[in-house]
Structure formats: C-alpha cells, structure tokens
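So the sequence lines, in the order shown, correspond to chains A and B. Just so we're aligned: 372 in UniProt numbering is position 372 of the first sequence, and the numbers increase by one with no gaps anywhere. Just so we're aligned: 102 in UniProt numbering is position 102 of the second sequence, and the numbers increase by one with no gaps anywhere. Idealized CB from N, CA, C, for every residue including glycine. Just below is one structure, and these are the notes that go with it.
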Amino acid sequence: MKLSNMWKFWISLILAIPMLLQMIMMPFHWMMPAYNWVAFITTTIIMLVAAAPYWKSAWAAFKHHNANMNTLVAVGTSVAYFYSLFAMVTGREVYFESAALVTVFVLLGDALEERMHNSASNALGKLLNLQVKEAEVLSDGQYIKVPLEKVQVGDLIRVRPGEKVPVDGVVTEGATNINESMVTGESMPVTKKAGDAVIGSTINADGMIIFRATKVGKDTALAQIVELVKKAQTSHAPIQNLTDKLSGIFVPAVLIAAISTYVIWFVFLGAPAVQAMLFAVSVIVIACPCALGLATPTALMVGTGRSAKMGVLIKNGQALEEVNMVKTVVFDKTGTITAGKPVVTDVIGDQTKVLQVAASLEESSEHPLANAVMAKVSDAKVAYPKARDFKNIEGKGVKAVVNGEKASIGSDKLLEDYQISNQMKTKMAQLQNDAKTVVLVGLSGKIIGLVAIQDTPKKTAAKAIAELRSRGLKTVMLTGDNQRVAQAIGKQVGIDQVIAGVLPNEKADHVKALQQSGKVAFVGDGINDAPALTVADVGIAMGSGTDIAIESGEIILIQNDLLGVVRALDISKKTFNRIKLNLFWAFIYNLIGIPISAGILVGIGLQLSPELAGLAMAFSSVSVVTSSLMLNKTKIAGDHDAQQVAA
Amino acid sequence: MMQMVTLGVAILLIAFIIWWFFGKHEEQTEDAQIANNQQETTVVVDGGYSPSTLVLKKGVPAKINFQMNDSTACLSHVVFEKLGIDKDLTKQKMTQIEIPTDRAEEFDFACGMNMFHGKVIVKN
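The following block contains the structure:
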C-alpha cells in the first residue's frame, strides 16, 4: 500500500506524541518511565515509514552524483537516529526526538506544498473544463446531438439560450447576446447577429442562433489559449538563471558547511562532540533549496494563469520580466488606437436630405468612405430613392441622376462648378482642421451638405494612454497618415509623441530608433505589424475574437481593447515583483538560518535545535508557495472579477 | 589527538564531496527501441532520471514512459519547458509522454524545482 505524504505525516505525528510530551515536561524535571525504549521504538517506526523514502531517493541521487533536498533530509535524520542508537547502547543521552520531529516537519512541508502547488496550476484545469461535451449539429434536415469530437468545420450548429457555444464559428441565423468573459475577460455580454464570429465555450444568453463551425478541436481559440498558457507556465524567467546555477552547488555546499561547523565547534572551540553534532545537523536541516527552487515557477504559474483569465496571454517568463523594464510604449495607429474603420462623424446641412442623396449615390460603391456613409444611413433609418446613370470618377467621387436631378458626391475637385455658401466653406475648413475627410454632396448645381468622415479612436484608447502615462511611460504613435491627421488623433487620445508619414516597412526602424533611450514595447494588430512586433523588446499583439495572432508578439491581448496593455503591464509587474520578493525571502532565509543553526548566536543565547530547524525549513518553502498564490488576490487595474470580489 | 583525527577526516570528507559532486562524470545515454514505426523508451525516476539522456529518431512517433520509483515530493513532477508539459508522476506508476519528432532538436526536462535534469535528443 502506498501512503500519501499527508497520511505519513499524521502517522508520524501520532507516534511522536510521547516524545513531544517528554519535551514539554522536561523543564518540570519529569522523566517518562523507560523513555529511551519508547523513543527508540516510535522513532524506528517513523524512520521506516516516513524517512526511509528520503534515504532511498537520496542514495539513488548520490549514485548519479546528484544531491538535493532529500540528501539533506536523509543525512540530517540518519545522523541523529544512528547516533542515538549508538548512545543508547553505550548509555549516553539520546536524541531520537530530533530525528523523529525533523521527519514530521519535512513531511508536513512536502504535503502542504504539494497541495498548494496543485491549486496553483488549477487555473488551467478550469479553462479546459469550460468545454462542452456535445453539440447540436444539422444532419439530414434535423438537429441532432453529437459528441464534440465529431463536429467538423462547415457544420451548422444550433445553440439555444443558456447553452454554451461548442466551437468557434460564424453566425448564420438569429441574434443573441453572448457572455464571452471566460475567454476574452470582457465582462459585458456581446451582441451577435448573422455574420458575427462566435467563440467556443462562451455562453449564449438569450437568443437562439445557428452558426457555421470554422474552427474545431485544437484550432479553437480556447484550445490555443490553453496551449499557450501551458507553455508560459513551464517557461523560465531570466531571473532564474542565478538560482539554477546556485541550486547545482547548494546541497554539497551545505554539507561542507555542516562539516566545517562540526570541526569548528569540536576541534577549535573545544565543545563536546554531541553539541558539535547537533549544530551540524541543524545546519543540514534548516538549509532549504526548495524555497529557492519554488520562488519563480510558482509565481509564474499563478501570474500567467491569472492574466489569461483577464484576456492577457503572456507567452513566457522572459516577456514578463522584460515588460518591467519598458520605458516607451509605441502604438500603431490604424486598428490599434483607432478602430481601423472610418465612420461618419458630422453631417452638415439638412440631415435627412443630405443622407438620402448620399445614400443613393454611394449604395453600390465599394469605397471605404462609402461604407461609412451607408453605415450612417442605416443607423439613421433614412429611406432613399434609386439612382441611375452612374458615373464613377476615379479618385474623385460619383455622379448620377437621383429623382431626375443631377447629383454628385465626392471631393471638392469633383464639385468645382457647384455653388457653395460661405457658411459651408467655413464649416469645411473647420472639419478639415480636425483631420476629418470631408465629402461634398451636390444636387442640381448646388452643394446641399457635407459629410465628415474619420477613423475615430477606440473608446478606451484615451483612458489606456492616460493610465500608461501616469505610470511614467512615454507613449508614441506611429502612422502612415499625414502629420495633420496624425496630430489630431494624437491630441484626442493624449499621446506624448506622434510620428507621422511612416511607411509600413519603416515601422521597425522607428522602433529601433526609440530603443536607443530604453526598452520599447510595440502594440500592434499582429497582422501587418509583424516586423515591428519582433524588433521591439516586448511585442504586444492585439487580437479580436477568434483571430488570435499567436505567432507574433510576446504578449497577446485577446480583446481588441487598449486597456489590455495596462492590464498586461500591471500583472507582469505584480508577478515579477512577487518573484523578486520570493527570491529575496528564500535567500535571506538561508543566509540567516544557516549561520544561526551553526551556533554563531550562542553567545546571546540563541540556538536552534534540529527539530526547530526542521520546522523553520518546512515553513520557508510553504511560505514561498503561499506568497505566489496571493497573486490571485492582488488588485489589477481593469480586472472586473477582482473588483467584484472586493466590492 | 581526537581533535586531529577529526580534522583529518573532515578534510577528507570535504575533498570527497567536492570530487564526487563537482567532478566530471559520464552521463548515461540510451537510444530508443523502434518497433512498428513507433519508438518507446523508459526513464526510471529514482533520485534522478536514468537514463538522463535519451536519443530518439527523427520522424518516428515517440513515447517516453516515466516509471516512478521515488515517493518523495522532489521528483513528483516532470517539466518539459519547451513543450509546455508539466506532469504529475505520482498519480500512477507509469506516465507516458509523447514527444514530437518532426524536427531534429533537443528537449530539456527537469523536476518541478529544476534540481534534476534530463535531455531528449531528436536526431536524424
């Protein structure tokens, strides 16, 4: 039968009770009858049940020229145990309780640490559990339930209200609100209608939809996220290099320190051999390579898991560490700061009339500006007549006949011979100064109105940039637009520096130039910004819904929301600070614990017995894991869940 | 007299520790057995990994069995950093891990605290 560490701990603790009792009663000069025999029998059982596995593992490691935590436990407990055997036979004082209690405490530490380690890696399990087991797929005109693995790309799937969307796809029928928080971190439900993308494992709230599967199995957004988080959790942070080097020599060094302790006390200070041995055993037992070894991986595990839940995927420990040294954050403009889709911002003139004419003219045009006009028209619910005799004037606009009258829409070049009022002229200049593209609408030789169009900043852009600036970071915007347009957008979002007129292939060069004054993070949409994302010290790629640009960038934001940058920075900083705190604690603990155990403070009466040293050791590795787990509770800007918990 | 003997033994012990742990040592290497276009090999986990270096053939699907003979917490997990694998070995006696062999490359593995190390080499 195999006993778990927790069981071994309880058995050992119960067996150690008589020895604990004796320790407590010692000051009252009470001696348990036949104490040596009681201690000998109980300790021997503890050694066989609980300490022997450590001895066995340490011996196997020794044969491989390796030494680890088990070596220290094995040497410490076996020295105390076998010396006590010798002492019992020769009629000297025994120290069975040291061997027994050190084992008890080490077991307790191991068992607690195991338990907490499991809860630290739990975040991933939770993500995987989000998946549903079956889906309702259209087959021979009927929707039937099939296991998730059978769902194929192209299948039509029905999702009822309250059910989970099984895989990634595009809505073909119906409309609903979907809660995507588990994947994107966005707490507000998202409205979906035909043509919109849905993400597997998100929850359909109120409507019934039918969608076509586009990604299944390991290609779905959730599967990719889980894969990425797994790799992040097992990755290394550069700060670990030092502890990795140290851990290789740590245990042999401690053994040497223990031998030296014995020699100094026994040979040079003339202490009794037993006293010198107890000091040496304490040194071996208190030394804790585990705390050093656990400091970084546990914090990384918790930090990357937590950030994934907020829609921020940090690829590895290196990225997490580098973000902390970033001085400048560079943004791509189109698609990152702005939505990347021009929208109508102003309509000058008779609103309905202007939109009617504009719609008639632009209805069949594919131009992005025409799309903006048509979006506005459908928002305003304006009905419009059909136009005829279309004439597309390349680069200038469109002419046609609307309701029997000649109508035009386009730039001022197209409408040169139209009459324009002075009021319209001033308006037009004003709008152009705000970096808006102005389209003129003409009817029967007169300009009847203006439509101003602009690629506007995303809602959260200004807030995100303000947050970054308040953290002392310099913000820069790169864009291919002309200086005037760029400045106007830059002013709206409050960015520090605007670099305009940048050709797409020059972005990486500008990032390089900015690197002269410190580390640079580049935020882009991951599709056309790949070179700049790679050149930057930290590439932050923004995704939208199912299209996660996994390949480009070290940090991936699942939501198309700039506040994700702030969150990424915050969680990285918190995690890295936690790693530093853990390492500091682990180092200090060993640096202070070992000399005290060796007896340098005996002069002021401070001395650690082996059993106290064992307790301290167990506490130190448990406290490091606890400290990492606390990362789950720290406040991160923009994390809705944490705020709800706090409220 | 006793003191002098102790000092001598201590110096010898320290010298032995340094030689034993920091000296150069041969590492065990093992090639995987190939059968039916499948290669499989077993690593015994007991105070370390034996063998600690495994050689796999490129292009042949590979599985590594970790046989757990160690019941202490130290070696309870095996971590393949590059593959994003962190497996608990204590749940069952044998834990199977699949290694991608489509490219010739090396995968390091280690215990949860990065104290024990091993390596998988995928070769042509």
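Paired residues, beta bridge with residue i - DSSP
i: G397 of chain A; result: A:I393, A:G410
i: E106 of chain B; result: B:I121
i: C111 of chain B; result: B:V78
i: residue 717 of chain A; result: Residue 717 of chain A is absent from the structure shown; chain A starts at 1 and stops at 647.
i: Q28 of chain B; result: None, per the DSSP bridge assignment.
i: R388 of chain A; result: A:V401
i: S50 of chain B; result: B:V44
i: I64 of chain B; result: B:T41, B:I97
i: V624 of chain A; result: None; V624 of chain A has no bridge partner.
i: D86 of chain B; result: B:V79
i: I34 of chain B; result: B:Q39
i: V55 of chain B; result: B:D31, B:I121
Close beta carbons around residue i, own chain, < 6 Å, minus the five adjacent residues each side
i: L108 of chain A; result: F9, A618
i: F260 of chain A; result: Strictly speaking, residue 260 of chain A in this sequence is Ser, with Phe absent from that position. Here the set comprises nothing.
i: R160 of chain A; result: M208
i: V190 of chain A; result: I178, E180
i: D434 of chain A; result: A488
i: Y95 of chain A; result: A80, S84
i: T546 of chain A; result: Note on T546 of chain A: pLDDT 44, under 50, position unreliable in the model; no value is reported.
i: A111 of chain A; result: N5, M6, F9
i: I121 of chain B; result: V55, E106
i: G449 of chain A; result: I348, G349, V354, V441
i: Q492 of chain A; result: P457
Chain-order list of residues whose beta-carbon lies under 7 Å from that of residue i (same chain, five-residue window excluded)
i: T352 of chain A; result: V382
i: F116 of chain B; result: G48, Y49, L75, A110
i: T214 of chain A; result: V153, D168, G169, V170
i: E114 of chain A; result: N5
i: E163 of chain A; result: N204
i: L130 of chain A; result: M182, S201, L222
Partner residues on chain B for residue i, Cβ-Cβ distance less than 7 Å
i: residue 666 of chain A; result: For residue 666 of chain A there is no data in the structure shown, the boundaries of chain A being 1 and 647.
i: G293 of chain A; result: M113, N114, M115
i: D244 of chain A; result: N114
i: E227 of chain A; result: G84
Neighbouring residues, chain A, relative to residue i (Cβ below 7 Å)
i: V79 of chain B; result: T234
i: F21 of chain B; result: H65, A67, P252
i: L7 of chain B; result: V263, V267
i: I121 of chain B; result: By Cβ distance, chain A contributes nothing, its closest Cβ being about 19 Å from I121 of chain B, past 7 Å.
i: I17 of chain B; result: P252, L255, I256
i: Q92 of chain B; result: The contacting residues do not exist; Q92 of chain B stays about 11 Å from chain A at best.
i: Q96 of chain B; result: Near Q96 of chain B there are no residues of chain A at all, since even the closest Cβ is about 17 Å away, more than 7 Å.
Within chain A, partners of residue i - CB distance below 9 Å
i: residue 192 of chain B; result: Here chain B covers residues 1 to 124 and nothing more, so residue 192 of chain B does not appear.
Residues that residue i contacts on chain A, provided the C-beta gap is smaller than 8 Å
i: D86 of chain B; result: S121, K230, Q233, T234
i: L13 of chain B; result: I259
i: A104 of chain B; result: Ordered by position in chain A, no residue passes the 8 Å Cβ test against A104 of chain B, which lies about 21 Å from the chain.
Within chain B, partners of residue i - CB distance below 9 Å
i: S247 of chain A; result: M113, N114, M115
i: N5 of chain A; result: S71, T72, A73
Check: residue i C-beta below 7 Å from any heavy atom of the ligand NAP
i: P189 of chain A; result: This structure lacks the ligand NAP; in fact it carries no ligand of any kind.
Chain-ordered neighbours of residue i on chain B, where CB pairs are closer than 8 Å
i: I286 of chain A; result: Correct list: empty, because the minimum Cβ distance to chain B is about 17 Å.
i: P189 of chain A; result: Neighbours of P189 of chain A on chain B: none; closest Cβ ~32 Å, over 8 Å.
i: D110 of chain A; result: T72, A73
i: N70 of chain A; result: G47, T72, C74
i: P342 of chain A; result: Neighbours of P342 of chain A on chain B: none; closest Cβ ~41 Å, over 8 Å.
i: E113 of chain A; result: A73
Contact set for residue i: own chain, Cβ-Cβ below 8 Å, skip 5 residues either direction
i: K327 of chain A; result: L473, K474, S517, G518, K519, V520
### Task
For the UniProt domain "P-type ATPase A" (130–230) of chain A, list the alpha helix (DSSP H) runs that are entirely contained and at least 4 residues long, ordered along the chain.
181–184
### Message
So if I threshold CB-CB distances at 7 Å, which residues from the segment 58–73 of chain B count as touching chain A?
### Response
D70, S71, T72, A73
### Query
Using a Cβ cut-off of 8 Å, which residues of the segment 50–63 of chain A contact any Cβ in chain B, in chain order?
Listed in sequence order: P53, Y54, K56, S57, A58, W59, A60, A61, F62, K63.
### Query
Using a Cβ cut-off of 9 Å, which residues of the segment 528–540 of chain A contact any Cβ in chain B, in chain order?
Hits within the stretch: zero.
#### Entry: Residues within the segment 560–581 of chain A neighbouring chain B, beta-carbon criterion of under 7 Å
none
### Task
At 3 residues or longer, and completely inside the segment 269–348 of chain A: list those beta strand (DSSP E) runs for me, N to C.
312–314, 326–332
#### Entry: Proximal residues, the segment 30–49 of chain B versus chain A, C-beta separation under 7 Å
When CB distances to chain A are screened at a threshold of 7 Å, the residues of the segment 30–49 of chain B falling below it are D46, G47, G48, in chain order.
### Task
Run through the segment 507–576 of chain A for me and flag every whole beta strand (DSSP E) of 3 or more residues, listed as ranges in chain order.
Complete beta strand (DSSP E) runs here, min 3: 519–524, 538–542, 555–557.
### Message
If we require 3 or more residues per run, which beta strand (DSSP E) segments fall completely within the segment 418–502 of chain A?
### Response
437–443, 446–454, 474–478, 497–499
### Query
According to a CB-to-CB cut-off of less than 9 Å, which residues of the segment 357–383 of chain A neighbour chain B?
none
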